[in-house]
Amino acid sequence: MQADAPGALRPGGRLVVIGLGPGAADLTAPRAASALAACGDLFGYGPYLDRVPARPGQTRHVSDNRAELARARDALALAATGRAVALVSAGDAGVFAMASAVFEAVEAGPAAWRGLEIEVVPGISALLAAAARLGAPLGGDFCALSLSDNLKPWTVVASRLTAAAGAGFVLALYNPRSNARPWQLAAAFDLLRPILPASVPVVFATAISRAEERVEIATLASAGPERADMRTLVLIGTAATRQIARSGAPPWIYTPRRVAP
Ligand code: SAH
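For the sequence shown, position 41 (counting from the first letter as 1) is numbered 29 according to my numbering, and the numbering increases by one without interruption.
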């Protein structure tokens, strides 16, 4: 039998890129759960794969969090051999996650990969889960930024951050802080202090919907970076963002829909 040409597709192969949601099992979309059940091979970062219920006959391909492009290529290459492959991300797979890595790999990869069946199944991103926990802080215009400078220079992060804050967007900061990136969040607060009122709410929403969930509400004046880690989404309000005090519970935080002319 003749060997397949490099990158040739075997029939039946497909890749499903799946967002698992923020953590709680019942915040994973039913479509994501059924797609996972239908795949024979699962790729992902270990802690994310740990959230997927085990099924007999499935093979797990666990990889390091940083090896995203290699993981995307491995998943595509296996799908090209005729396997049904799932690649998982936390939250939504298209938000600072694996779906872009897959399409980067497809664009740069063997031409045959363009004929592969690829599906992206949406998930509840951290900013939606965190906002729902607080009330409605994203009720007006908002902007999501990743503070990680692994894939873009810090000068770009800084200019986008100040432009978005200056334009009145509520900010949702992904990847605010990790052991490898300890200084970026403090630098971001320093950039925002001349632009926003000192009283705007800064929310540290950590591990939302998981057992270790923690929500801390500060102001831009009092916010310190030590409240965040790699499981935290930082939400920063605008001058229009409101707080409604409650007895026995943290305040509701919301941004009104209407903006004065
Ligand atoms: N694709 C993911 C984001 C991946 S980037 C999504 O759509 O949510 C990783 C960052 O997401 C973390 O540093 C943190 O900022 C945020 N994050 C992911 N899950 C979270 C959760 N349960 N609670 C708070 N933030 C979370």
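Cβ coordinates follow ideal geometry from the N, Cα and C atoms, glycine included.
Exercise for the section: Check whether the Cβ atoms of alanine 67 and arginine 19 sit closer than 7 Å, and answer yes or no. Expected result: Indexing the sequence shown from 1 puts residue 67 at position 79. Indexing the sequence shown from 1 puts residue 19 at position 31. Their beta carbons are not under 7 Å apart, which means alanine 67 does not touch arginine 19 by this criterion.
Practice task
Out of Ile196, Ser197, Val247, Val190, point me to the one whose CA is closest to proline 239's CA.
Solution key: Along the sequence shown, one-based indexing puts residue 239 at 251. Cα-wise, what sits closest to proline 239 is Val190.
Exercise for the section: Hey, could you find the ends of the beta strand (DSSP E) glutamine 231 is sitting in? Expected result: Here residue 231 is taken as the residue at index 243 of the sequence shown, counted from 1. It spans 230 to 234 - the beta strand (DSSP E) in which glutamine 231 sits, taken as one unbroken run.
Handout entry: Host beta strand (DSSP E) of glycine 7 (start-end)
Key = Here residue 7 refers to the residue found at position 19 of the sequence shown. Residues 2 to 7.
Practice task
Could you tell me which of Pro(-1), Val4, Pro10 sits nearest to alanine 199, measuring between CA atoms?
Solution key: Taking the sequence shown and counting its residues from 1, one reaches residue 199 at position 211. Out of Pro(-1), Val4, Pro10, Pro10 has the C-alpha closest to the C-alpha of alanine 199.
Practice task
Could you spell out the range, first to last residue, of the beta strand (DSSP E) harbouring aspartate 29?
Solution key: Residue 29 sits at position 41 when you count from the first residue of the sequence shown. That run of the beta strand (DSSP E) goes 29 to 33.
Handout entry: Supposed contact pair leucine 221 and leucine 149 - C-beta distance, whole angstroms, cut 8 Å
Key = Numbered from 1 along the sequence shown, position 161 holds the residue referred to as residue 149. Numbered from 1 along the sequence shown, position 233 holds the residue referred to as residue 221. That pair is no contact at about 15 Å.
Practice task
Please confirm whether any heavy atom of the ligand GDP lies closer than 6 Å to the CB of phenylalanine 84.
Solution key: This structure simply doesn't include the ligand GDP; it includes the ligand SAH instead.
Practice task
Pull up the distance between the alpha-carbon of threonine 229 and that of serine 197, whole angstroms please.
Solution key: Position 241 of the sequence shown, counted from the start, is the residue given in the question as residue 229. Position 209 of the sequence shown, counted from the start, is the residue given in the question as residue 197. Going from the Cα of threonine 229 to the Cα of serine 197 covers about 23 Å.
Handout entry: Neighbourhood of glutamine -10 by C-beta distance below 7 Å, restricted to the same chain and skipping five residues each side
Key = The residue given as residue -10 occupies position 2 in the sequence shown. The predicted position of glutamine -10 is uncertain, since its pLDDT is 44 and thus under 50; no value can be drawn from it.
Exercise for the section: Determine, using beta carbons only, whether valine 50 and alanine 23 come nearer to each other than 7 Å. Expected result: By 1-based counting over the sequence shown, the position of residue 50 is 62. By 1-based counting over the sequence shown, the position of residue 23 is 35. Cβ distance not < 7 Å, so valine 50 and alanine 23 don't count as in contact.
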